[in-house]
Amino acid sequence: EDHKIIFTVPLSWKPGPMNIWIEKPVEWNAETVIEKTKPISIKLLKVTGQFTPDDDLYFEQLKTWRKETREMNGYK
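Mind the numbering: the sequence shown is residues 1001 to 1076 in my numbering, read in order.
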């Protein structure tokens, strides 16, 4: 499937807002060019410590996930 991206968040990433994008090498006029998508903003939540309002938003968003996504993330 070419409409789904699954990636692991490196432990070195710090909690907070960040921009991510996808890069793909493309052949163009006998050269390889790196194409990039538009960046999207995500907020990486801390996995330890006290619950915050951000955690409430996460659990609200979780309700909208497809079954496959919930299972992949350890939720039934």
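Just so it is clear, CB atoms sit at the ideal spot from N, CA and C, and this is done for glycine as well.
Just so it is clear, the structure is predicted and the values come from calculations on it, not from any experiment.
- Message: Our contact map puts Trp-1013 next to Thr-1037 with C-beta atoms below 8 Å; I'd like the distance itself, whole angstroms only.
- Response: Trp-1013 to Thr-1037, Cβ: 19 Å. No contact.
- Message: Can you tell me whether Leu-1062 is helix, strand or coil according to DSSP?
- Response: Leu-1062: helix per DSSP, three-state reduction.
- Which ranges does the alpha helix (DSSP H) cover as unbroken runs of at least 4 residues, wholly within the stretch 1007-1065, from first to last along the chain? For the stretch 1007-1065, whole alpha helix (DSSP H) runs of length 4 or above, ordered along the chain, are 1053-1062.
- Rounded separation between Val-1033 and Gln-1050 - CA only: For Val-1033 and Gln-1050, the distance between alpha carbons rounds to 45 Å.
- Would you identify the three-state DSSP class for Lys-1004, choosing helix, strand or coil? In the structure shown, Lys-1004 falls within a coil segment according to DSSP collapsed to helix, strand and coil.
- Task: Tell me, to the nearest whole angstrom, how far the beta carbon of Ile-1042 is from that of Met-1072; I am working on the premise that it is less than 8 Å.
- Result: With a Cβ gap of about 17 Å, Ile-1042 and Met-1072 do not count as contacting.
- Taking Leu-1057 and Pro-1015 to be in contact with their CB atoms under 8 Å, please state how far apart those CB atoms are, rounded to whole angstroms. Not a contact, Cβ separation roughly 14 Å.
- Task: With DSSP collapsed to three states, give me the class of Lys-1067.
- Result: Lys-1067 falls in the helix class under three-state DSSP.
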